[in-house]
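From first to last, the protein sequence lines stand for chains D and U. Its first residue numbered 4, the first sequence is counted upward by one per residue in the numbering used here. Its first residue numbered 4, the second sequence is counted upward by one per residue in the numbering used here.
Protein chains: 2
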Amino acid sequence: MLPTPFGALDEKSLSQMRYSIGDHVFRQGDTTKGIFFVASGGICLTRVTESGNSVTIYNAQTGDMFAEASIYSDHYHCDAICTAPSEVVRISKQAIQKQLREDTAFSEGITKRLAVQVQDYRQLLTLHALKSANDRVLLAVELGKLTGSVTQFANQIGLTKEACYRALRDLSDRGLLTKTGRGRYAPTPRSEDRLP
Amino acid sequence: MLPTPFGALDEKSLSQMRYSIGDHVFRQGDTTKGIFFVASGGICLTRVTESGNSVTIYNAQTGDMFAEASIYSDHYHCDAICTAPSEVVRISKQAIQKQLREDTAFSEGITKRLAVQVQDYRQLLTLHALKSANDRVLLAVELGKLTGSVTQFANQIGLTKEACYRALRDLSDRGLLTKTGRGRYAPTPRSEDRLP
DNA sequence: ATCCGAATATGATTGAAATCACATGTTACC
DNA sequence: GGTAACATGTGATTTCAATCATATTCGGAT
């Protein structure tokens with residue numbers, strides 16, 4: 004089932020697609036055909052900068068949507084690349100625009116989604132503003148950003164994987180993080196949280 | 004003046020407030036009263052994570068708005084703390100909700116504003132992802148970010164002012180930028196742009 | 001007119017992350 | 001079972017931005 008408010012849309016405005024690792028869902032510059040929902044798998048949104056660097060701007064996992072803002076622009080501004088065998092639902096742009104005009108609840112839902120996205124980006128920017136690798140990694144882990152691989156995590160927070168591993172080890176040594184498995188780390192609960 | 008489309012709102016739905024350093028604009032858990040515009044000063048949004056740490060999620064400066072998503076939730080999910088003597092305009096939640104229902108242009112304006120912000124934040128994130136000071140400064144100048152003081156510019160793009168001055172000089176020496184005055188730099192037109 | 005604070009600008013030093021290199025572990029696939 | 005691809009993890013070295021220091025210029029207040 005699609006997340007609110009997209010459940011209100013007609014079946015005809017949806018297309019089920021399947022992708023393999025490395026497949027492009029769309030490319031930077033393509034004309035916008037709609038927005039997407041990851042039924043299963045993972046789609047990574049990356050943008051190639053002028054200097055040739057590829058930066059991850061969002062890592063959509065099962066249950067996530069992506070390219071929501073494309074309703075308001077003519078072309079995609081990033082690449083969407085499949086990182087795991089995926090089932091993706093494409094929601095037609097025309098259908099969304101029609102529903103926006105005719106259904107106020109739908110319109111409200113869209114606005115809420117965008118507001119949340121703005122919050123997420125502000126959070127990411129705040130993260131990138133931290134200069135120390137330790138500070139950055141600690142905050143990112145506490146915000147729950149370390150879900151997949153450390154490599155992806157490192158890319159998302161703007162560090163090399165090596166710097167990331169080192170920071171994770173250092174923070175674990177200092178007791179600020181707890182290593183819960185190979186490549187798995189969690190924040191160590193603060194003393195205030197424990198009962199006396 | 005408030006950014007579009009908030010100018011459409013009645014004067015009665017706005018409250019001008021003044022805060023000193025350390026004052027709370029609102030607290031995590033407070034019932035939502037509206038969204039905010041920083042007329043001058045600075046407001047820091049912090050959140051207490053599950054592990055008990057207090058983390059900064061956004062640092063709103065003069066001209067920024069914050070807590071937009073609170074229109075759609077009953078309680079604020081972070082603290083808003085004043086970091087510099089500030090003038091803040093509170094925009095009533097009820098007034099916004101009323102306007103959203105009754106004024107389609109206003110509703111569309113909100114949505115477009117959020118969509119534009121999403122694009123802007125993506126651009127800023129792309130900028131921050133560049134590791135080299137030269138690359139970052141060059142791209143930022145090309146994007147027209149250097150309008151006010153170099154000090155502000157440096158802060159915006161996540162570099163120290165010293166690193167910024169050095170990059171500006173280096174890029175000028177290499178001919179990629181042109182110094183147009185004290186603290187003023189502009190991109191050197193590429194050869195493709197000049198007529199033969 | 002002059003005093004003060006902030007911005008501009010640059011030089012010297014240091015420190016931390018990038019880079020390079022490499023070993024091991026894990027998973028998927030033939 | 002073998003191997004290819006990739007993730008995890010760490011050590012050694014280099015690079016480059018942060019930091020510290022200092023001089024000059026500009027604008028606003030007295």
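Where is the CB? At the ideal position from N, CA and C, for every residue including glycine.
- Comparing C-alpha distances from residue 65 of chain U to each of U:89, U:51, U:59, U:140 shows the shortest one belongs to U:89.
- Residue range 136-145 is occupied by the alpha helix (DSSP H) that includes residue 143 of chain D.
- For residue 167 of chain D, the uninterrupted alpha helix (DSSP H) segment begins and ends at 164-176.
- Around the beta-carbon of residue 131 of chain U, 16 or more other beta-carbon atoms lie within 10 Å, marking it buried.
- Interface annotation, residue 121 of chain U: in contact with chain D, CB-CB separation under 8 Å.
- Note: residue 68 of chain U is bridge-paired with U:40 in the DSSP secondary-structure output.
- Distance between residue 104 of chain D and residue 16 of chain D, taken at the CA atoms: about 16 Å.
- The three-state reading of DSSP puts residue 186 of chain U in coil, since its state is none of H, G, I, E or B.
- Listed along chain U are 103, 107, 110, 111, 114, each with a C-beta nearer than 9 Å to that of residue 110 of chain D.
- Cα atoms of residue 154 of chain U and residue 22 of chain D: separation of roughly 47 Å, rounded to the nearest angstrom.
- It is roughly 17 Å from the alpha-carbon of residue 73 of chain U to the alpha-carbon of residue 109 of chain U.
- Chain D places no beta carbon closer than 8 Å to that of residue 7 of chain U, leaving this residue out of the contacts.
- For residue 105 of chain D, the uninterrupted alpha helix (DSSP H) segment begins and ends at 96-105.
- DSSP places residue 19 of chain D in the uninterrupted beta strand (DSSP E) bounded by 17-22.
- Residue-level contact check: residue 128 of chain U touches chain D, since one or more beta carbons of chain D fall below 8 Å from its beta carbon.
- Remark: C-beta atoms of residue 85 of chain U and residue 32 of chain U do not approach each other more closely than 8 Å.
- Residue 188 of chain U and residue 183 of chain D have their C-alpha atoms spaced approximately 50 Å apart.
- In this chain, residue 29 of chain D is not harboured by any alpha helix (DSSP H); it is covered by the beta strand (DSSP E) spanning 27-29.
- For residue 90 of chain D, DSSP records a beta bridge to D:21, D:43.
- In this structure, DSSP gives residue 34 of chain D an extended state, which the three-state scheme calls strand.
- Put simply, the CB of residue 59 of chain U is near chain D, with a gap under 8 Å to one of its CB atoms.
- For residue 132 of chain D, the C-beta contacts it makes with chain U under 7 Å involve 161, in order along the chain.
- Beta-carbon to beta-carbon, residue 128 of chain U and residue 141 of chain D are separated by about 20 Å, too far to satisfy the 8 Å threshold.
- The three-state reading of DSSP puts residue 78 of chain D in strand, counting E and B together.
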